[in-house]
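Protein chains: 2
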Amino acid sequence: MNGAETLLQTLLNNDVDVCFANPGTSEMQFVAALDRHPAMRGVLCLFEGVATGAADGYARMTGKPATTLLHLGPGLANGLANLHNARRARTPVVNIVGDHAHTHKELDSPLESDIDAAARIVSSWVRRPATPADVGPDTAAAVAAALCADVPGDPDPSRTGTSGAVSTLIVPADLSWSPGTAPALRRTQRALQTVSHHDIDITAALVTGPEPAALLIDGTGLSESGLKAAARIQKATGTLSFCPTWPARLRRGAGVPHIQPLGYRAEAVGRQLSGIKHLILVGAREPVASFAYPGRSGILTPPETTVHRLAPDSGFDVADALNRLADAVTPDLFAPLPVPDAPPRIVNEALRTKNWAQVIGALLPQEAIVVDESITEGMETLAPATANSPAHDVLGLVGLAIGQGLPVAVGAAIACPERPVVCLQADGSALYTISALWTQAREALNVTTVILNNRSYAILRAELDRVGAGQIGPAATALLDLGQPDIDFTTVATGLGVPATRARSTAELAELFSTALATPGPHLIEAILQPT
Amino acid sequence: MNGAETLLQTLLNNDVDVCFANPGTSEMQFVAALDRHPAMRGVLCLFEGVATGAADGYARMTGKPATTLLHLGPGLANGLANLHNARRARTPVVNIVGDHAHTHKELDSPLESDIDAAARIVSSWVRRPATPADVGPDTAAAVAAALCADVPGDPDPSRTGTSGAVSTLIVPADLSWSPGTAPALRRTQRALQTVSHHDIDITAALVTGPEPAALLIDGTGLSESGLKAAARIQKATGTLSFCPTWPARLRRGAGVPHIQPLGYRAEAVGRQLSGIKHLILVGAREPVASFAYPGRSGILTPPETTVHRLAPDSGFDVADALNRLADAVTPDLFAPLPVPDAPPRIVNEALRTKNWAQVIGALLPQEAIVVDESITEGMETLAPATANSPAHDVLGLVGLAIGQGLPVAVGAAIACPERPVVCLQADGSALYTISALWTQAREALNVTTVILNNRSYAILRAELDRVGAGQIGPAATALLDLGQPDIDFTTVATGLGVPATRARSTAELAELFSTALATPGPHLIEAILQPT
Numbered sequence: 001m002n003g004a005e006t007l008l009q010t011l012l013n014n015d016v017d018v019c020f021a022n023p024g025t026s027e028m029q030f031v032a033a034l035d036r037h038p039a040m041r042g043v044l045c046l047f048e049g050v051a052t053g054a055a056d057g058y059a060r061m062t063g064k065p066a067t068t069l070l071h072l073g074p075g076l077a078n079g080l081a082n083l084h085n086a087r088r089a090r091t092p093v094v095n096i097v098g099d100h101a102h103t104h105k106e107l108d109s110p111l112e113s114d115i116d117a118a119a120r121i122v123s124s125w126v127r128r129p130a131t132p133a134d135v136g137p138d139t140a141a142a143v144a145a146a147l148c149a150d151v152p153g154d155p156d157p158s159r160t161g162t163s164g165a166v167s168t169l170i171v172p173a174d175l176s177w178s179p180g181t182a183p184a185l186r187r188t189q190r191a192l193q194t195v196s197h198h199d200i201d202i203t204a205a206l207v208t209g210p211e212p213a214a215l216l217i218d219g220t221g222l223s224e225s226g227l228k229a230a231a232r233i234q235k236a237t238g239t240l241s242f243c244p245t246w247p248a249r250l251r252r253g254a255g256v257p258h259i260q261p262l263g264y265r266a267e268a269v270g271r272q273l274s275g276i277k278h279l280i281l282v283g284a285r286e287p288v289a290s291f292a293y294p295g296r297s298g299i300l301t302p303p304e305t306t307v308h309r310l311a312p313d314s315g316f317d318v319a320d321a322l323n324r325l326a327d328a329v330t331p332d333l334f335a336p337l338p339v340p341d342a343p344p345r346i347v348n349e350a351l352r353t354k355n356w357a358q359v360i361g362a363l364l365p366q367e368a369i370v371v372d373e374s375i376t377e378g379m380e381t382l383a384p385a386t387a388n389s390p391a392h393d394v395l396g397l398v399g400l401a402i403g404q405g406l407p408v409a410v411g412a413a414i415a416c417p418e419r420p421v422v423c424l425q426a427d428g429s430a431l432y433t434i435s436a437l438w439t440q441a442r443e444a445l446n447v448t449t450v451i452l453n454n455r456s457y458a459i460l461r462a463e464l465d466r467v468g469a470g471q472i473g474p475a476a477t478a479l480l481d482l483g484q485p486d487i488d489f490t491t492v493a494t495g496l497g498v499p500a501t502r503a504r505s506t507a508e509l510a511e512l513f514s515t516a517l518a519t520p521g522p523h524l525i526e527a528i529l530q531p532t
Numbered sequence: 001m002n003g004a005e006t007l008l009q010t011l012l013n014n015d016v017d018v019c020f021a022n023p024g025t026s027e028m029q030f031v032a033a034l035d036r037h038p039a040m041r042g043v044l045c046l047f048e049g050v051a052t053g054a055a056d057g058y059a060r061m062t063g064k065p066a067t068t069l070l071h072l073g074p075g076l077a078n079g080l081a082n083l084h085n086a087r088r089a090r091t092p093v094v095n096i097v098g099d100h101a102h103t104h105k106e107l108d109s110p111l112e113s114d115i116d117a118a119a120r121i122v123s124s125w126v127r128r129p130a131t132p133a134d135v136g137p138d139t140a141a142a143v144a145a146a147l148c149a150d151v152p153g154d155p156d157p158s159r160t161g162t163s164g165a166v167s168t169l170i171v172p173a174d175l176s177w178s179p180g181t182a183p184a185l186r187r188t189q190r191a192l193q194t195v196s197h198h199d200i201d202i203t204a205a206l207v208t209g210p211e212p213a214a215l216l217i218d219g220t221g222l223s224e225s226g227l228k229a230a231a232r233i234q235k236a237t238g239t240l241s242f243c244p245t246w247p248a249r250l251r252r253g254a255g256v257p258h259i260q261p262l263g264y265r266a267e268a269v270g271r272q273l274s275g276i277k278h279l280i281l282v283g284a285r286e287p288v289a290s291f292a293y294p295g296r297s298g299i300l301t302p303p304e305t306t307v308h309r310l311a312p313d314s315g316f317d318v319a320d321a322l323n324r325l326a327d328a329v330t331p332d333l334f335a336p337l338p339v340p341d342a343p344p345r346i347v348n349e350a351l352r353t354k355n356w357a358q359v360i361g362a363l364l365p366q367e368a369i370v371v372d373e374s375i376t377e378g379m380e381t382l383a384p385a386t387a388n389s390p391a392h393d394v395l396g397l398v399g400l401a402i403g404q405g406l407p408v409a410v411g412a413a414i415a416c417p418e419r420p421v422v423c424l425q426a427d428g429s430a431l432y433t434i435s436a437l438w439t440q441a442r443e444a445l446n447v448t449t450v451i452l453n454n455r456s457y458a459i460l461r462a463e464l465d466r467v468g469a470g471q472i473g474p475a476a477t478a479l480l481d482l483g484q485p486d487i488d489f490t491t492v493a494t495g496l497g498v499p500a501t502r503a504r505s506t507a508e509l510a511e512l513f514s515t516a517l518a519t520p521g522p523h524l525i526e527a528i529l530q531p532t
């Protein structure tokens, strides 16, 4: 057994059994060891941003980390943007990054770079084993750090209260090929923290008091259990509930009380929170604008609203807190669920912002996993259109680094092979990590991708006005325009091994979406959207 | 004039007039300002790694930096791998990275990350202007830092002796939209350093002495002037010349003395340097292995060889040093050029490692720019096959972070619109930055890309053996195999707007390559290579 095998077996001992890999020479020992440890599933990704995004999607659905296998500093660098998203979503991810052998570092060979500095940008925990005997314990510690579990003898206060984190283990090549030591056993996983009775009582007084209150819920509060508790609280007290615009994971659809996402723009949030005197954060952060704009505050809570914290972040058991709060304010065990509207009759017309999501909502299968990187095209239309679809989970773009959707879909499909994955993907963002389609094809994943092709960075067109950039001319317009030439996503997907079709009308989208869902393996539908 | 315009006009005052951009909200003021400063050419890239690679290619051909325009930390992160390559190639690149407004930083909004830490990984100079009055001077300083020019009042010893570097200016959004101050004027560019007479004399004694000596040349020594001087030295003294395996820029072809690249693998270098008693580095670094292997030294210079330094790095005027050395050892002003062999008759057969480069070499047009990311397929075949082609420049993968080729071709074509660009691109690496094809199409660049499709990470298959990974099974094999499904690059390129064809034989490649070169705009040829 060499060091690479010690590492692999320790991962397996710690219930980490999927590796999204884009290896190089310094990681060849791990690659070779896969055949001797067949319980570890290696999934080849053709770009590191696919591997890191897939690990994020996998962990959001399983609650346990996958590992990535990345090649030196540049390989890690290519994966950083989706690790940023994982960090923001508090997803557990374990990165294994190969490094040169100790003796080789001083030669400053071509790929030498500061791996540790790159890792620290996104990781709550970074370590490089110093000796072969460290490989096992350090690997177990990496898993524990990703799970924010207690690591005996390794207290790290920065991990307190997070539900998951990115950890990075940097492994010099000589430790991989040196004789290994015994793999380490499983570390204890720390449970979510529990909100105190005192805090429940204080919040109960607020929501039953005379002044309008609202809950802003995140974390496990967006599970079916949490949302049902929120609905009980609303029925008993009139307290509204909101969630972040794009939460890491949200339960939605028939049988699940609908929760209103906060709008992406400050004006929308202002309308939503208008008149609310008490905003109670339940596992959520205080809402802030994604960007600053001249002369506007970035704090979205209205000035007359007082902010309270029931659970300071998603590291608390938010669903439990909501259920206890509901028990405190009402004896009713159930709130009436919204009566599903009859699905809107889909009129056959050209696809636009206002109608594409209705098609998806009408045809979404039971227990779908919806990966939402629809951005401009979905920010106001997707939630209402899918509120009464069969119950499903939605995975959102918490960290706003685009290029997450296709990789997260890979990871979610590997996590839940029995569930259909629907990836709603903006066009501009899709090209960042387009090779994820190839991995979907190789692994025969049941992912239906809908590219929302509006042929522009539409969100930036809106932003130009909002930052006060004034009148723009052809040079600026060209930098926001994805036409000239038009990207033919149908053809690109075909070249990467994914069957693809194009829809221009609601009827075409409905037919192609149904067919794709009924056919095993990945499919891509390019929805050509007309300007609104 | 706002701060963004101060920045743009300062760049123009400093002769920086091309911007490879993938902007977001925090960079909208720059985008809007482009129409008021039409001398700045904005080039939209659909992924930041394309923007940074294009800036590298542009500067290698012009000697002056382009600027990138990147969106916050994740945008910079996506560009890091090709900035690593630029750093290793000592290419001047100026990154402009937008950041949130000062007041917005403390809100820790979704895209917040440590931009400065990411920048420092690849940059010799990182600064964020503190006030509007700093924008002009700091922008001029960023250009000077990239050019390793003297910056009055800003001595930075770390820049000494480099010919170009990556500099990063991080611009908070509020400085872009605030009223600007006067743009700064041009800074002085520092000339390359000159080698001393004493060092020339010492080297002359070595190369005329009794023991076999060889030159390892890089930097401006790989220009026509430098290579002709090296040929004079060889004729007079028998001193051989070598260059790095993949130098940043190399002149090659008819009328240019051929220089032997060092092999990629240690064994090859050992053969090349066998019997050499004195290895003289002329602008080059001491040769080291790209990776460590169990039980082998990473230092490639044979133990019996003494290393000498004539010019310690490529920040010296290496061509001048070689010419003065040649003058010192021989009165001859010219060395006989190699008599071009008759071009090999191309037999029509299936494409393989051994014959594809001969087709390229036979048909390469005058003054081509050859972007070489052919890796395994070209490492032993390209140099001999093109030694007698019409004179051309070769741009290599100095930093070994794959995914450089297609973007560097974008930048080279924008730098030299009158010259044909030929991009020789390995298949595995191509997908990293495939959207560069779209930019080639939009800008109607004269780039002919040849994808060398061997359907594997071929170099890693060879490396598995070399790291002593032993027998491998199907799990490991799958992680190095780019088939299942085969990637159809012809189709992918078509979808991105680049006309594409496929060649399976030498005759097909010859015909398609000639046609592509004769037709304006970008083309892609997918060369399907049979196993050797």
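The listed protein sequences derive, respectively, from chains A and B. Heads up: the first sequence at position 159 corresponds to 159 in the UniProt record's numbering, and the numbers run straight through without jumps. Heads up: the second sequence at position 82 corresponds to 82 in the UniProt record's numbering, and the numbers run straight through without jumps. C-beta atoms are modelled at their ideal positions from N, C-alpha and C, and glycine is treated no differently. Please read these numbers as outputs of a predicted model, since none were measured by experiment.
Min CB distance residue i to chain B below 8 Å
i	result
F242/A	no
G521/A	no
N13/A	no
T305/A	no
D174/A	yes
R120/A	yes
M28/A	yes
G24/A	yes
Distance between residue j and residue i (C-alpha atoms, nearest Å)
i	j	result
E5/A	A182/A	10 Å
D488/A	N454/A	12 Å
G98/A	L192/A	32 Å
A289/B	Y58/B	28 Å
S158/A	A165/A	Confidence at S158/A is low in this model, with a pLDDT of 45, below 50, so the placement of that residue should be treated as unreliable; the coordinate-derived value is given next. Their backbone Cα atoms lie some 11 Å apart in a straight line.
G73/B	E112/B	7 Å
Cβ-Cβ separation, residue j to residue i (assumed contact under 8 Å), whole Å
i	j	result
V195/A	A311/A	5 Å
A173/B	H278/B	No, A173/B and H278/B are not in contact; Cβ-Cβ is about 56 Å, not under 8 Å.
V282/A	L215/A	5 Å
Cβ of residue i within 8 Å of any chain A Cβ
i	result
V97/B	no
E463/B	yes
H198/B	no
Bounding residues of the alpha helix (DSSP H) (the contiguous stretch that carries residue i)
i	result
Q29/B	28-33
M522/B	A quick correction: the sequence has Pro, not Met, at residue 522/B. No alpha helix (DSSP H) contains P522/B, which DSSP labels as neither H nor E.
First and last residue of the uninterrupted beta strand (DSSP E) at residue i
i	result
V135/B	That residue, V135/B, is in no beta strand (DSSP E); its alpha helix (DSSP H) goes 132-146.
G79/B	Counting along the chain, G79/B falls outside any beta strand (DSSP E), though it belongs to the alpha helix (DSSP H) covering 72-89.
D393/B	392-395
P172/B	166-172
W125/A	125-127
N454/A	From DSSP, N454/A is part of no beta strand (DSSP E); its letter is neither H nor E.
Contact with chain E by residue i, beta-carbon distance below 8 Å
i	result
N388/A	Within the model displayed, chain E is absent; protein chains A and B are what it includes.
Residue i: CB within 7 Å of a non-hydrogen atom of the ligand GTP
i	result
T449/A	Although the ligand GTP was asked about, the structure shown includes no ligands whatsoever.
**OP:** Pull out every residue of the stretch 503-528 of chain B whose Cβ sits closer than 8 Å to any Cβ of chain A, in chain order.
**Re:** none
Subject >> Members of the stretch 379-410 of chain A near chain B, C-beta cut-off 7 Å >> reply: V398, G399, L400, A401
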